[in-house]
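Notes follow the structure.
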Amino acid sequence: MVAALALAAAISLPAWGDASTMRILVEFIALLVLAQMWNLLAGYAGLVSIGQQAYVGLGGYALIVLADDFGANPFLAVPLAGLVTAALALPTAAIVFRFRGGYFAVGTWAIAEVYRLLIANTAALGRGSGRTLKAVFPLTRESREVTTYLLALAVGVAALVGVYLVLRSRHGLGLMAIRDSEPGSETLGIDVFRTKLAVYVAVAFGTGVTGALVYLNLLRISPDAAFSINWTAYPIFIAVIGGLGTLEGPLVGAALFFLVREGLSDHGAWYMILLGSLAVGVMLVYPHGLWGLVTSRWDVRLFPVQRRVRLDGGGADP
Amino acid sequence: MPWVDTVLQGLLLGGLYALFATGLSLIFGVMRIVNLAHGDLSILAAFLAVVAVETLGLGAFAALVLVVPLMAALGYGLQMLVLNRLLGRGILPPILVTFGLSIIVQNTLLEIFSADSRRLDPGGIETASVSLGGQLAVGWFPLITLAVAVAILAGLQLLIGRLSLGRAFRATSDDQETAELMGIDNRRLYGLAMALSLAIVAVAGVFLGIRTTFTFASGPDRLLFAFEAVIIGGLGSLWGTLVGGAVLGIAQTVGARVSPGWGILTGHLVFLAVLLLRPQGLFAKARRVA
């Protein structure tokens, strides 16, 4: 009910909101989706990647190449960019899946640097100075902004519903089993490697779509900005502070992230120091995050993915 | 001849990378965690040396006398107060906490020292070189770096092989629970390992600052090079780390000679090639555990 009202307000925003509100909301949705994707990867599948900026950057560059060089509709190019990053995720996985734990984290980071440097050395992609999305120039500013915003909204809702459905499915249960014990889930007949690979590629798709969306909003891309570690640091802080391994956590975390960032916008890098310290503090003291704090007091679940035994009905809540 | 010179420079650069890699490898060997703030802490050490040079008028090498114990104390405190609380909670918390620390250190350095690049001045030695006949010459400073790296590796080898602290390191590395049953205080041991790691990292950071300019953002690359040197050399092999650093250093200098933008990238690509062709590394001690 609350969600339906919020969604109605969000869809009708172009009718009553201004352009800067829409731009900020696109950014909010982008970070929220990135946090959901990272949460699915690390909080559920146990694949702690520090290199998701690879897919943000590749998605952004794929958008510009598809729209400007191949003449695709720039809005249609956003989901197509996700397909490109998902395809690139397969050979990438062949490399990073050789590592586990901490070395998987550094390995994904190294691969993101390889992509950044490859693009920064490619003349057709503008080398270090990057490129500008020209395909949207014929559109009026207003129609571009409204379409971008509505597309972002659609991506945000699709990501939330998508992650929810994955977690509610049989595969979601398998995922959580893998996170808790790999050898244990293997003996239960779960194909650990294929499940992890499927999640890795699906998350690369979602992250790539978001990267394309970000650069449809910004219009200007450069390797240093597109492959910045911040594209992984922000989602990690959002997911960790809000609550890892929950769908609601990133929502809470993203709201707090924006409050802190806007509140400290005149104070340079201090918002990053504060958010980093908050994330470290949460990991140390309350690993379930802010949302975990809420659910430990009150029995509320916006997106119930848990399966609970119901004694009265005699069966398990699916 | 220019190519021989390039390879030689790369080989010496490998000495510096081995210093970075040794600290990372030590921590992973003893407690199976990867310190993602490793590179940023080395840059913190370099900035501490800058402060020591500017306020106390010390030379760059003399600053080590202050910076190394300071970083060791920081490492001990970090492990005892923060990282030890995460023991037994799986792989995710140490990764996230050290990553958070990396971002905190980086941005704090940015706020305090601005985005300007800095360099440590050791008083002329960084440009002095020794002729090897013909047109070949190597700098004294890269030679000293390599010698220090070899000395630290030899010292570490001795410590791990001979002393009781080293025996405790090996014991916890093999089996944490049993080591604890045998009366080894894991927490204090981990504190000492982190202190040792950051002491080595401090040396690496100061040497980096003498060799080249650095900024608040120079840390992550140091972590990646250290990681690549460890993987190329083979996990768990101390001398392999030196070879890994040398392979990486040679790849970078040769790549940069071919085209200026390709130095670091060539290093990464050689790392990937080693990973695909010889995943256990060049000098793997045992079965791959990472």
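Protein chains in written order, with my numbering: chain A, 1 to 318; chain B, 1001 to 1290.
Even for Gly, the Cβ is constructed at its ideal location relative to N, Cα and C.
Note that the structure is a prediction, hence the values are computed from the model and not measured.
Scanning the segment 144-218 of chain A for uninterrupted alpha helix (DSSP H) segments of 4 residues or longer gives 170-180, 182-187, 192-218, listed from N- to C-terminal end. The Cβ atoms of S1173/B and V1030/B lie closer than 7 Å to each other. Classified as buried, W291/A has 16 or more neighbouring CB atoms from the shown chains inside 10 Å of its CB. Relative to Y1076/B, the option among I1160/B, L1192/B, G1205/B, V1138/B whose CA is nearest is L1192/B. Per DSSP, reduced to three states, the secondary structure at V1130/B is strand.
The three-state secondary structure of V1082/B, taken from DSSP, is coil. In this structure, the straight-line span from the alpha carbon of V106/A to that of H1038/B is close to 11 Å. Put simply, the CB of L1092/B is near chain A, with a gap under 7 Å to one of its CB atoms.
Note on geometry: alpha-carbon atoms of R144/A and A198/A lie some 34 Å from one another.
What V114/A touches in chain B, judged by beta-carbon distance under 8 Å, is L1265, H1268, L1269, L1272, going in chain order. The bridge partners DSSP lists for I221/A are R131/A. According to DSSP, residue pairing for F1214/B in a beta bridge involves R1118/B. The CB of I1095/B comes closer than 8 Å to the CB of V48, I50, G101, G102, A105 in chain A, given here in chain order. The three-state reading of DSSP puts V1138/B in strand, counting E and B together. Each residue's CA atom was taken as its position, placing G281/A and L1074/B some 18 Å apart.
Listed by position along chain A, the residues whose Cβ is nearer than 8 Å to that of T1022/B form an empty set, because the closest Cβ is around 16 Å away.
In the structure shown, I1264/B falls within a helical segment according to DSSP collapsed to helix, strand and coil. In the DSSP assignment, W109/A falls within the unbroken alpha helix (DSSP H) covering 101-120. Of the candidates L1224/B, G1183/B, E1180/B, Q1252/B, L1224/B places its Cα closest to the Cα of N1035/B. Per DSSP, the unbroken alpha helix (DSSP H) holding S1025/B starts and ends at 1002-1031. Neighbours of E1054/B across chain A, judged by C-beta separation under 8 Å, do not exist; the nearest C-beta is about 22 Å away. For V1270/B, the CB contacts under 8 Å within the same chain, skipping 5 residues up- and downstream, are I1232, V1247, L1248, A1251 in chain order. In this chain, the alpha helix (DSSP H) harbouring D1221/B covers 1219-1233.
For M272/A, a Cβ of chain B is located within less than 7 Å of the residue's own Cβ. The distance from the Cβ of G57/A to that of A226/A is about 4 Å, consistent with a contact at the 8 Å cut-off. The beta-carbon separation of A1049/B and G1263/B, rounded to 25 Å, does not stay under the 8 Å limit for a contact.
Setting aside the 5 residues that flank it on each side, A1045/B is surrounded in the same chain by V1067, M1071, V1201, A1202, G1205, V1206, each with a C-beta closer than 7 Å to its C-beta; the list follows chain order. Of the residues assessed, D1040/B falls on the buried side of the cut-off, its CB having 16 or more other CB atoms within 10 angstroms.
No Cβ of chain A is located within less than 7 Å of the beta carbon of F1113/B.
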